[in-house]
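Q:
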Amino acid sequence: MSATRTIAVLGATGSIGGSALDVIARHPQRFAVTTLSAHRDVDALLALCRQFRPQRAVIADPALLDPLAAGLRAAGLATEPLAGRNALLAAATAGDTDTVIAAIVGAAGMASTLAAAQAGKRLLLANKESVVLAGALLMDTAKRNGAQIIPIDSEHNAIFQCLPTVGDTGDRLKGVRRLVLTASGGPFRGRQRAELESITPDQACAHPNWVMGRKISVDSATLMNKGLEVIEAHWLFGLPAERIEVLVHPQSIVHSLVDYADGSMLAQLGQPDMRTALAQALAWPERIESGVGALDLARHGRLDFEPPDRLTFPCLDLAYHALQLGGTAGAIVNAANEVAVSAFLQGQLRFLGIPELIARTLDRVAVTAGDSIDALLAADRAARDAATHHLTLMEST
Ligand code: NAD
Ligand code: MG
Numbered sequence: 103m104s105a106t107r108t109i110a111v112l113g114a115t116g117s118i119g120g121s122a123l124d125v126i127a128r129h130p131q132r133f134a135v136t137t138l139s140a141h142r143d144v145d146a147l148l149a150l151c152r153q154f155r156p157q158r159a160v161i162a163d164p165a166l167l168d169p170l171a172a173g174l175r176a177a178g179l180a181t182e183p184l185a186g187r188n189a190l191l192a193a194a195t196a197g198d199t200d201t202v203i204a205a206i207v208g209a210a211g212m213a214s215t216l217a218a219a220q221a222g223k224r225l226l227l228a229n230k231e232s233v234v235l236a237g238a239l240l241m242d243t244a245k246r247n248g249a250q251i252i253p254i255d256s257e258h259n260a261i262f263q264c265l266p267t268v269g270d271t272g273d274r275l276k277g278v279r280r281l282v283l284t285a286s287g288g289p290f291r292g293r294q295r296a297e298l299e300s301i302t303p304d305q306a307c308a309h310p311n312w313v314m315g316r317k318i319s320v321d322s323a324t325l326m327n328k329g330l331e332v333i334e335a336h337w338l339f340g341l342p343a344e345r346i347e348v349l350v351h352p353q354s355i356v357h358s359l360v361d362y363a364d365g366s367m368l369a370q371l372g373q374p375d376m377r378t379a380l381a382q383a384l385a386w387p388e389r390i391e392s393g394v395g396a397l398d399l400a401r402h403g404r405l406d407f408e409p410p411d412r413l414t415f416p417c418l419d420l421a422y423h424a425l426q427l428g429g430t431a432g433a434i435v436n437a438a439n440e441v442a443v444s445a446f447l448q449g450q451l452r453f454l455g456i457p458e459l460i461a462r463t464l465d466r467v468a469v470t471a472g473d474s475i476d477a478l479l480a481a482d483r484a485a486r487d488a489a490t491h492h493l494t495l496m497e498s499t
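Its first residue numbered 103, the sequence shown is counted upward by one per residue in our numbering.
1. Just verifying my parser: in three-state terms, what is the DSSP assignment at Val360?
2. Below 8 Å, can you find three or more Cβ-Cβ pairs linking the region 212–221 to the region 235–245?
3. List the whole-angstrom C-beta distance separating Lys230 from Glu331, where the pair is believed to meet the contact cut-off of C-beta under 8 Å.
4. Do the region 276–293 and the region 337–352 make contact, defined as three or more Cβ pairs closer than 8 Å?
5. I need the DSSP call for Gln250, collapsed to helix, strand or coil.
6. Which residues in the same chain have their Cβ closer than 6 Å to the Cβ of Phe453, if we skip the five residues on either side of it in sequence?
7. Between the Cα of Asp476 and those of Pro266, Thr199, Ala236, spot the shortest distance and give me the residue it belongs to.
8. Would you say Arg107 and Leu384 are within 8 Å of each other, going by their C-beta atoms?
9. Quick check on Arg412: buried or exposed, where buried means 16 or more other Cβ atoms within 10 Å of its Cβ?
10. So, at 6 Å on beta carbons, what are the nonlocal neighbours of Thr136 in its own chain, with the 5 sequence-adjacent residues on each side left out?
11. If I'm right that Ala445 touches Leu495 with Cβ under 8 Å, what's the distance once you round it to whole angstroms?
12. Any residue with its C-beta under 7 Å from a non-hydrogen atom of the ligand MG counts. Can you list them all in chain order?
13. Pop quiz: His357 and Ala260 are said to be a contact at Cβ under 8 Å. What is the actual Cβ separation, rounded to whole angstroms?
14. If you measure between the beta carbons of Val202 and Lys223, is that distance less than 8 Å?
15. If I follow the unbroken alpha helix (DSSP H) through Ser458, where does it start and stop?
16. In chain order, what residues of the same chain lie with their CB nearer than 7 Å to the CB of Asn502, ignoring the 5 residues before and after it?
17. Do Ala192 and Ala221 have their C-beta atoms within less than 8 Å of each other?
18. What runs of the beta strand (DSSP E), each 3 residues or longer, lie entirely inside the region 360–388?
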């Protein structure tokens, strides 16, 4: 077995964070947790600190440093309490850490993801929004600093597993015709637009196959999740939009496929449980137990496939459009989507208003080259401002 891996789990209290820690806890000889972070949930962070005894615990909201420190003291832990953005960056680059699990949701994860890449860490990347926002910069930073990125998103992890593991990115793509990302179709697969008029947040978050955080659950219901994943695949694997396809597969057993020039198609199959991807990435290139049982294909009996319904779910094409536009278009679509989903979850925007708000924002915010972090952050801010403005107009009509 390889030496102990030292791991920072950023976004430890979330759905991915919990799955990662479940796998880590099964292999105490192999993995040690150096950092755990959370946004605002001090109690959940403290509970994880008691279990994993990390070197440091980071709460993103600086106002919560005192209760975190008090809780760690009361528990008699030597864990150092830290707070705020800079603490998150320090954790992502700490010398005692070789692996960073990027499991924060949204653009809020971008800075720590980039910092881990810059520090040459092994980066287990779940935070897809940071790839959509800053893909070119992230891939370039990782390459220059020798950071290995292993995708956690189940589709991209599947593709990672179906590509040859040797050679640089260019070589790995030799003979690849296209990537096929599978999509469950979400809770509203098969419905017509008119049937989506009065969807509530709880209906949108009730995913048929996966249990996930609320933001990605809504993204799955609108198919924006698949759109973000197309952009993510473009950056991670270096193929143009026309060679990345989406295939609806309601059972979520085939996690994605690679189509080769000789007519071979390789797929990765497994139960819809993120611990498989996390275990694969944590142990790579070895294989370890993840807690996920064997797939019983005879019990499933059949696997279905169909094309996505691009008219009912226009978010998919909005993402393709952003990828074609290039530059800051990904940042704009991502930011508009974050504003739209948050408004929908708070009851301030209809379900069908989500693609509308994204399209309006993409129409109105100028796309620029986006070749620096400042340009990307400016685009993110401009899109959030524009989307918030359109939101007030839409809701008053
Ligand atoms: P979640 O909402 O369950 O957890 C998010 C985590 O990020 C929490 O620990 C939260 O405290 C932290 N966080 C939130 N806002 C923050 C902020 N502003 N600053 C610092 N920390 C913050 O989300 P999730 O479902 O675990 O998803 C995490 C990421 O992984 C997302 O980018 C998502 O798209 C991606 N992903 C998730 C799944 C899944 O099955 N849940 C699958 C594939 C990809
Ligand atoms: Mg996915």
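Ideal placement from N, C-alpha and C gives every residue a C-beta, glycine not left out.
A: Put simply:
1. strand
2. yes
3. 7 Å
4. yes
5. coil
6. Leu298, Ile301
7. Ala236
8. yes
9. exposed
10. Thr108, Ala110, Pro156, Gln157, Asp198, Thr199
11. Incorrect: roughly 13 Å between the Cβ atoms, too far for contact.
12. Asp255, Ser256, Glu257, Asn327, Glu331
13. 4 Å
14. yes
15. Per the sequence presented here, residue 458 reads as Glu, with Ser not at that position. Segment 455–466, the alpha helix (DSSP H) holding Glu458.
16. The first residue shown for the chain is 103 and the last is 499, placing residue 502 beyond what the model contains.
17. no
18. 367–371
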